[in-house]
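Encoded as structure tokens, the structure appears first; notes follow it.
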Amino acid sequence: MKIERAAVVGAGAMGSGIAHVLALKGISVALIEASEAFAKKAVEGISSNLDRQIKKGVIDSSAKDKALSKIQTAADLGAAKNAQIVIEAVPEKIEIKKDVFTRLNSLCSQEAILATNTSSISITRIAAFTRRPKNVIGMHFMNPVPVMKLVEIIRGLETSDETYQIVKDLTLFLGKTPAMSLDFPGFISNRVLMPMINEACFALMEGLSTKEDIDTVMKLGMNHPMGPLELADFIGLDVCLDILNVLFEGFGDSKYRPCPLLKQMVASGRLGRKTKRGFYDYV
């Protein structure tokens with residue numbers, strides 16, 4: 001099945017980025033948010049990001065115009081009714097995802113693929129909110145979506161081979177690189193990444209070194225583009241904590257227990273770049 005009509009539920013940084021790359025490849029996108037005004041603001045952000053691509057010579061102005069013409073905003077989930085694939089990008093809260101997937105199951109055709117951009121929640125659990133588990137799959141894009149090449153594709157217990165192949169083909173069509181994971185807590189990316197970030201938090205909490213030196217060791221010694229504490233600020237400390245809680249609860253292993261300092265910072269509202277205060281201050 002060639003994907004020509006898509007819907008993206010959630011117009012935050014991830015959802016708008018996903019809509020951006022879909023539209024740039026000529027796929028019609030319904031970008032759905034609870035607020036029409038928020039969805040339209042997301043399109044303004046997409047327009048600005050397309051301008052950056054023009055300045056870098058990645059695309060020309062005509063490509064921008066064509067891409068924007070492919071995006072329609074909506075404040076009603078019913079706008080996903082005719083989509084061949086729906087990609088959910090709402091917050092990492094299971095109750096929100098349950099509501100979205102339960103409603104999508106009733107709205108969309110039985111052939112439609114229901115994908116989730118979740119970074120840690122079980123695909124099998126999400127699929128159980130529908131009557132089509134074979135059509136439910138994880139499609140975990142990396143942030144910022146227009147720049148990052150990886151898409152982690154996660155197969156739930158009952159995800160069909162056909163669904164997987166369609167999503168893999170779509171990923172390649174978008175110019176991304178797919179990596180397949182089975183449905184275990186954290187998948188590949190966050191099962192490896194979050195313990196590193198968490199250990200950096202413990203090192204800081206225990207006074208092993210300064211945040212700057214912890215990040216410098218990982219950047220210069222391990223050739224990481226960002227240190228773990230700087231990266232945590234970029235991801236969002238609340239998101240990191242949510243994922244660590246999923247790992248801790250899913251495996252029941254103390255090595256995944258969230259660092260008390262991370263929990264304290266989230267409780268205080270220091271969430272990273274999005275609040276301009278995390279491990280570092282952003283002004």
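With my numbering, letter number 167 in the sequence shown gets 167, and the count goes up by one each step, no holes.
Every residue gets a Cβ at the ideal spot worked out from N, C-alpha and C, and that includes glycine.
Around the beta carbon of ASN223, a 10 Å sphere encloses fewer than 16 other beta carbons of the protein chains shown; the residue is thus reported as exposed. Judged by beta-carbon spacing, ILE197 lies within the 7 Å limit of ALA232, meaning their Cβ atoms are closer than that value. Under the three-pair Cβ rule at 8 Å, the segment 178-193 does not count as touching the segment 6-22. Apart from the 5 residues on each side of it in sequence, LEU241 sits with its Cβ closer than 7 Å to the Cβ of PRO258, LEU262, LYS263, VAL266 in its chain, given in chain order. Taking the C-beta atoms as reference points, THR163 is found no nearer than 7 Å to ILE123. Remark: three or more beta-carbon pairs, one from each stretch, lie closer than 8 Å, so the segment 71-82 and the segment 100-114 are flagged as touching. Bounds of any beta strand (DSSP E) do not take in LEU237; it lies within the alpha helix (DSSP H) bounded by 237-251. In the DSSP assignment, ILE137 falls within the unbroken beta strand (DSSP E) covering 136-141. Your pair MET148 and ASN117 does not check out as a contact, with CB atoms roughly 13 Å apart and the cut at 8 Å. Ranking GLY250, SER254, PHE141 by CA distance to the CA of GLU199 puts SER254 first. Within the model, the alpha-carbon separation for VAL90 versus VAL145 is close to 15 Å. In the three-state scheme derived from DSSP, where H, G and I count as helix and E and B as strand, ILE3 is classed as coil.
The closest CA to that of ILE121, considering only ALA39, GLU206, LEU182, VAL283, is found on LEU182.
Within the same chain, Cβ atoms closer than 7 Å to the Cβ of ALA30 are found at ALA7, GLN72, ALA74, ALA79, ALA80, ALA83, the five residues on either side in sequence being excluded.
For PRO178, the secondary structure class from DSSP, reduced to helix, strand or coil, is strand.
Inter-residue distance for ILE96 and VAL239 is about 15 Å (C-alpha atoms, whole angstroms). Setting aside the 5 residues that flank it on each side, PHE129 is surrounded in the same chain by LYS98, PHE101, THR102, each with a C-beta closer than 6 Å to its C-beta; the list follows chain order. Between LEU172 and MET1, the alpha-carbon positions lie close to 14 Å from each other.
C-alpha of LYS274 to C-alpha of ASP60: approximately 30 Å in a straight line. Looking at the DSSP output, ASP281 shares a beta bridge with ARG277. Every beta strand (DSSP E) of 3 residues or more that sits fully in the segment 4-31 is shown, in chain order, as 5-9.
According to DSSP, THR116 shares a beta bridge with GLU88, GLY138. Annotation: LYS93 to ILE243 spans about 11 Å, alpha carbon to alpha carbon. Residue state for ALA74 is assigned as strand, using DSSP reduced to three classes.
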